[in-house]
Amino acid sequence: MKKKIQEAALTIPSFVWLLLFFLVPTLLVFVLAFRPPDPYGGIGPGWTTATIRDLARHPYWVIAWRTLWASAVTTAICLALALPSGYAVARASPRRRNLLLMMVIVPFWTSFLIRVFAWRSLLHPEGPVKKILVLLGLASPQTPLLYNNAAVILVMTYTFLPFAILPIYAAAEKFDFRLVEAARDLGARPLQAFRKVFLPGVRQGVVTAVLIVLIPALGSYVIPDLVGGPSSEMLGNKIAQRVFVDRNLPHASALSVVLILAVLAPLLAVLFRQRKKEKPEIILEEGG
Amino acid sequence: MGEFLEFRDVAKAFGPIQAVDGVSLEIKKGEFFSLLGPSGCGKTTMLRLAAGFETPDRGRVFLDGADITGLPPNRRRVNTIFQSYALFPHLSVWDNIAFGLEVAKRPKAEIRREVEAMLRLIQMEDQAGKKPGQLSGGQKQRVAVARALVNKPQVLLLDEPLAALDLKLRQRMLIELDMIHDEVGITFLYVTHDQGEAMSLSDRIAVMDQGRIEQIGTPAEIYEAPRTSFVAAFIGDTNFLESEVADGLDGEYCRLRISGFPDVVAYNDKGIRPGHPVFLSVRPEKIRISRDRPLPDTRINVAPAKVEDVIYLGPTTKYWVRAGGQRVLVLRQHFRFFLDEKPIRWKDDVWIWWHGDDGFMLEGFRKGDEKLVASPPQKVGEE
């Protein structure tokens, strides 16, 4: 009983915090989606489902689809880079490991916005990356590096990569690398051992990395706004437009609701699966 | 039959530590061969060199006549049983055993047949669906054996496979391993620090210390005729007697001078010349002890002694006696024990003796090896 009270005392502050500053505002967004707008950017009286029905008439599908695939591609690239990185960091000597982890974390010391602007100057038509590529003959002077989907995915990958590396490293650090040796001993080639033994071993880290990259990627707004062009807009940009340009809060809310639900659905699916898997396993004692 | 797995002048260093220092070793086909030595002697490195997890700095490794020194582990027809078993936790017992066959892309029907045969061999047909986490230590061990053997390796490498088990289970697995070796008839290279395991399982043993091989031989050769002080002290107990060859006797015997002892006769198969210092190793169970002086015999070495410690162990009794200024350990087997017999006690004056054939002159002696011999308990209130 005493333990339960202690547990509650420790949980309540964070619970209240989340309730007040996360759950309530999210619910407000849901509520606003069903209120009519007024011409001055405020909320009109009464209730309506017109906004929600309106969504289907707008050509949002293109943008929703783009949001989805750009996020998915970003997640895939992040995973493809984070898996070998996590493996390498976990296998490095303790001293090197700290150095490598430091390098993963260092970007966070600079404001996110500044880093995105830095990419703008890097990728600028007169910028260093472009000049080197042209010099090497890998790009013509006319190739645009900025203001397109590729730039958006590049900068999103850059931004979210540490979030993918850290959980995979955390899982790899606990992984028993003798299993890789065992797989090699049984005839597996290096890549087979990686895929058949290491990957299942860090599955939990991979799931975390996917969620932690995919969800913020879906809600991206600053990156497509700053390095994307008119044809690389994502849902986040549309929501911002509805708020700041159209001054139509209910419409922005309705879009947000769609995005929230789109994010929640896979998250809940994963959580549900884990819950099911957590059934206690029966451990047999000696004898037999 | 010639050598099957051969190490030719192999060396491997890890940073400043010379783990294996120029080892040459030939293991015959079908043999149960053990590498025995204390931790850090290089025996596990030898096994990892055979498995392909390490490449030697110098020397070559041959398997069945082919140079495998540069081959990666997956291209060597050897399989390892790891000390930790290293079963794949996400796979069932069945899938663990099938792993090697599936990687080799063998036909499904063949995989099923082979895995089922292995499950029968280890008597775990009804556990095939379980995950390693649900198995006991002994069962994990058996799965590890099956997972390796199913690939029909040319050599099975075993890295202290019984170290993680408790004593009773270890004894049972020892018998099972021996039976499996007889049944499959492949070459076993067994790494252990446990002399009991090595002695009871092996056809031949290589005793290793500090990256070198001290002696290779059958268990009996290693025990009865140790070449160096390390072998004599690491395997079983022994007494080291510092001596000097006095003169040759008839045939292959010679007389040794040991301070405080009457002249000692020893079998001099190494032909050591008079005047040379030599260390004599005498196993404690080869030394007899009694209150009565034995009948004189030219081949028997007799010395008076005083008992300093007695430890009764049931089937045997250990006596530490002082003879000629040296501490000598004597182990006496109780063939017949009479309760009314007057036992030998602390401070008793006794005679000890051993046959000239039972003392072994050592080729190599290192002072530190004396510490390996079980030392007597510290005496209290003596003199």
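As you go down the protein sequences, you meet chains W and C in turn.
Heads up: the first sequence is residues 1 to 288, going by the numbering used here.
Heads up: the second sequence is residues 1001 to 1383, going by the numbering used here.
Where is the CB? At the ideal position from N, CA and C, for every residue including glycine.
Range of the contiguous alpha helix (DSSP H) that encloses residue i
i: C78(W); result: 60 to 91
i: E1229(C); result: Before going further, note that residue 1229(C) is Ser rather than Glu in the sequence given. Here the alpha helix (DSSP H) through S1229(C) covers 1229 to 1234.
i: G1137(C); result: 1137 to 1149
i: S1200(C); result: 1195 to 1201
i: P224(W); result: 222 to 227
i: I43(W); result: Unbroken run through I43(W): none, as it is neither H nor E.
i: G1356(C); result: No alpha helix (DSSP H) holds G1356(C); DSSP gives it neither H nor E.
i: I1209(C); result: Here residue 1209(C) is Asp; the residue named in the question, Ile, does not match the sequence. From DSSP, D1209(C) is part of no alpha helix (DSSP H) but of the beta strand (DSSP E) over 1204 to 1209.
i: R115(W); result: 112 to 123
Residue i burial status per 10 Å Cβ neighbour count (16 or more: buried)
i: P1219(C); result: buried
i: H58(W); result: exposed
i: G1133(C); result: exposed
i: D1340(C); result: exposed
i: W1094(C); result: buried
i: T1080(C); result: buried
i: G1368(C); result: exposed
i: E1087(C); result: Inspection of the sequence shows that residue 1087(C) is occupied by Leu rather than by Glu. With 16 or more Cβ atoms within 10 Å of its Cβ, L1087(C) is classed as buried.
i: H1371(C); result: Just to set this straight, residue 1371(C) is Lys in the shown sequence, not His. Exposed, by the Cβ-count rule.
i: L284(W); result: Any answer about L284(W) is weak, because its pLDDT of 40 lies below 50 and its placement is not dependable; what the coordinates show is given next. Exposed, since its Cβ has fewer than 16 Cβ neighbours within 10 Å.
i: I153(W); result: buried
i: L126(W); result: Before going further, note that residue 126(W) is Glu rather than Leu in the sequence given. Exposed is the call here.
i: Q1195(C); result: buried
i: I168(W); result: buried
i: N237(W); result: buried
i: M1266(C); result: The sequence shown places Ala at residue 1266(C), rather than the Met named in the question. By the neighbour-count rule (16 or more Cβ atoms within 10 Å), A1266(C) is buried.
Assumed close pair residue i, residue j - CB separation to whole angstroms, cut-off 8 Å
i: I5(W); j: A33(W); result: No, I5(W) and A33(W) are not in contact; Cβ-Cβ is about 40 Å, not under 8 Å.
i: R1060(C); j: T1069(C); result: 5 Å
i: L161(W); j: L218(W); result: In fact, because the Cβ distance is near 17 Å, the residues do not count as touching under 8 Å.
i: A1233(C); j: V1373(C); result: 5 Å
i: T1187(C); j: I1289(C); result: With 8 Å as the limit, T1187(C) and I1289(C) do not qualify as a contact, their Cβ atoms being about 44 Å apart.
i: L145(W); j: L123(W); result: 4 Å
Pair within 8 Å by beta-carbon distance, residue i and residue j
i: S1155(C); j: G1037(C); result: The sequence shown places Val at residue 1155(C), not Ser. No.
i: M1046(C); j: F1014(C); result: no
i: A1198(C); j: S1034(C); result: yes
i: L264(W); j: P37(W); result: no
i: S1243(C); j: L1280(C); result: yes
i: G1137(C); j: G187(W); result: no
i: P1262(C); j: A1303(C); result: yes
i: D1358(C); j: K1270(C); result: no
i: G1185(C); j: G1030(C); result: yes
i: D1178(C); j: F1082(C); result: no
i: L1135(C); j: V1143(C); result: yes
i: V89(W); j: L100(W); result: yes
i: V227(W); j: A151(W); result: yes
i: T75(W); j: V210(W); result: yes
i: T49(W); j: F112(W); result: no
i: P1073(C); j: A1051(C); result: yes
i: L1005(C); j: L1189(C); result: yes
i: L27(W); j: L255(W); result: no
i: I165(W); j: G86(W); result: yes
i: E1214(C); j: F1230(C); result: yes
i: Q204(W); j: A172(W); result: no
i: I63(W); j: E233(W); result: yes
N-terminal and C-terminal residue of the beta strand (DSSP E) that residue i is part of
i: F1360(C); result: 1359 to 1362
i: K1028(C); result: 1017 to 1028
i: F1100(C); result: Just to set this straight, residue 1100(C) is Gly in the shown sequence, not Phe. Not the beta strand (DSSP E): G1100(C) falls in the alpha helix (DSSP H), residues 1093 to 1103.
i: A1323(C); result: 1316 to 1323
i: N1301(C); result: 1300 to 1312
i: I1216(C); result: 1212 to 1217
i: N1239(C); result: 1239 to 1248
i: L1331(C); result: 1326 to 1333
Closest by C-alpha distance to residue i, when choosing among the options
i: A262(W); options: S71(W), G201(W), P94(W); result: S71(W)
i: R1075(C); options: A1066(C), R1273(C), V1282(C); result: A1066(C)
i: N1239(C); options: Y1190(C), A1109(C), V1321(C), V1103(C); result: V1321(C)
i: I1017(C); options: A1246(C), R1327(C), G1211(C); result: G1211(C)
i: G1022(C); options: F1004(C), K1029(C), G1042(C); result: G1042(C)
i: V1264(C); options: W1353(C), F1335(C), A1019(C); result: W1353(C)
i: S1259(C); options: I1216(C), A1117(C), R1327(C), L1174(C); result: R1327(C)
i: R91(W); options: F177(W), P13(W), L218(W), A217(W); result: F177(W)
i: K196(W); options: K1152(C), K1168(C), E1102(C); result: E1102(C)
i: R115(W); options: N148(W), K238(W), Q204(W), I223(W); result: I223(W)
i: G42(W); options: G137(W), V257(W), H251(W); result: H251(W)
i: S1084(C); options: R1227(C), L1165(C), E1054(C); result: L1165(C)
Residue i at chain D interface by Cβ criterion, 8 Å
i: V197(W); result: Within the model displayed, chain D is absent; protein chains W and C are what it includes.
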